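Remarks on the structure that follows.
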Amino acid sequence: MNGIIIIDKPQEWTSNDVVSRLRRVFNTRRIGHGGTLDPMATGVLPVFVGRATRGVEFFEHAEKTYETVLRLGITTDTEDTSGTVLEQKEIQVNTPTKDGWTPLMAAALGNHTETVRVLLQHPDTDYNLREHDGSNVIDFAVQYRTDTLRELVALPGIDLNAGEYTSTPLQNAAEHGHSEAVRILLQAGADVHTADKYGNTALILAASGNYTECVRLLLSCPNIDVNARTEKGAFALWRAAHGGYTESVRLLVEHPEIDLHATYQSKTPLQVAEENGHAECANILRDAIK
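See below:
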């Protein structure tokens, strides 16, 4: 026989045990395997028979993926679960690092969704703990970590509006243009009216960065305040017109409650668009005023 056989290696068998058994089954010594698995490991073990053994040397250097389950807090003399337990400690799931991060925060930051799930199963995990700057685990999951974010927003009692330097996760997502995070947070019930310490709402931040999809999502909220102002008086339409952000301006002027004549620094959005040479934005604003 010549070929490659895929064996689901059982626990406690070595890779050589498998090879020895198959040599008897096929009555040949020309058998090799594609990579050693420890006796405690189970799973795929490619076995090469007959002329196929010539391919072993190529397969040994191929990329492999291992799935593991860790049991934390235990030290053994073999550094795995097969040894004698030397020390056992209680896991402190809420103890922060020197940076102030809990294990759950660190897992969320790395988008390690399965680790997040495991930590959330622990009865002592407090998912509303805040870092020294006021942010909670939601803030750590906002940027490009949508799988983890979906897990977290579904938690009962999770604080969706905890602030990082008084900015909420929704504001952070809008400010950086993470539209999918904005969508998830809005669907979970995040507050669109909350402003940061400078008075910036999520809509103002999205319009200031020309994040059109974020602007669109925020404008779809039935109770959005499109004319909200920062502490200094700036508002979303003015910021978009000042930056020449055509699509954001177009979306904003279509809202039925937009104030086209509001001013900031004694200028309307139309005036600031004209002053900065943003002709297309100016045309959109003129058409909306008519």
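Residue numbers (our numbering): 30 to 319. Here a beta-carbon is modelled for each residue, glycine too, at the ideal position from N, C-alpha and C. Nothing here was measured: the structure is a model prediction, and the numbers come from that model.
Query                                                                                                                     : Result
Cβ-Cβ separation, E242 to T275 (assumed contact under 8 Å), whole Å                                                       : That belief does not hold up - the Cβ atoms of T275 and E242 are roughly 14 Å apart, past 8 Å.
Coil, strand or helix - R58 by DSSP                                                                                       : coil
Own chain residues within Cβ distance below 7 Å of R258, not counting five before or after                                : G228 and F264
Under the three-state DSSP convention, the category V171 falls into                                                       : coil
Contained alpha helix (DSSP H) runs [length at least 4] in the region 178 to 229, N- to C-terminal order                  : 198 to 204 and 208 to 217
L178 versus G84: straight-line alpha-carbon distance, rounded                                                             : 44 Å
C-beta atoms of T223 and T197 nearer than 7 Å                                                                             : yes
From G64, V255 and V78, residue whose alpha carbon lies closest to that of G72                                            : G64
Pairwise C-alpha distance: N165 and G186                                                                                  : 13 Å
Proximity below 7 Å, CB of V76 to CB of I36                                                                               : yes
Runs of alpha helix (DSSP H) lying entirely within the region 65 to 106, each at least 4 residues, in chain order         : 85 to 88
Chain-order list of residues whose beta-carbon lies under 8 Å from that of D23 (same chain, five-residue window excluded) : Residue 23 is absent from the structure shown; the chain starts at 30 and stops at 319.
Exposure label - P132; buried when at least 16 CB within 10 Å                                                             : buried
Check whether L66 and S49 have beta carbons under 7 Å apart                                                               : no
Selection from E89, F55, N56 and T97 that minimises the alpha carbon distance to H62                                      : E89
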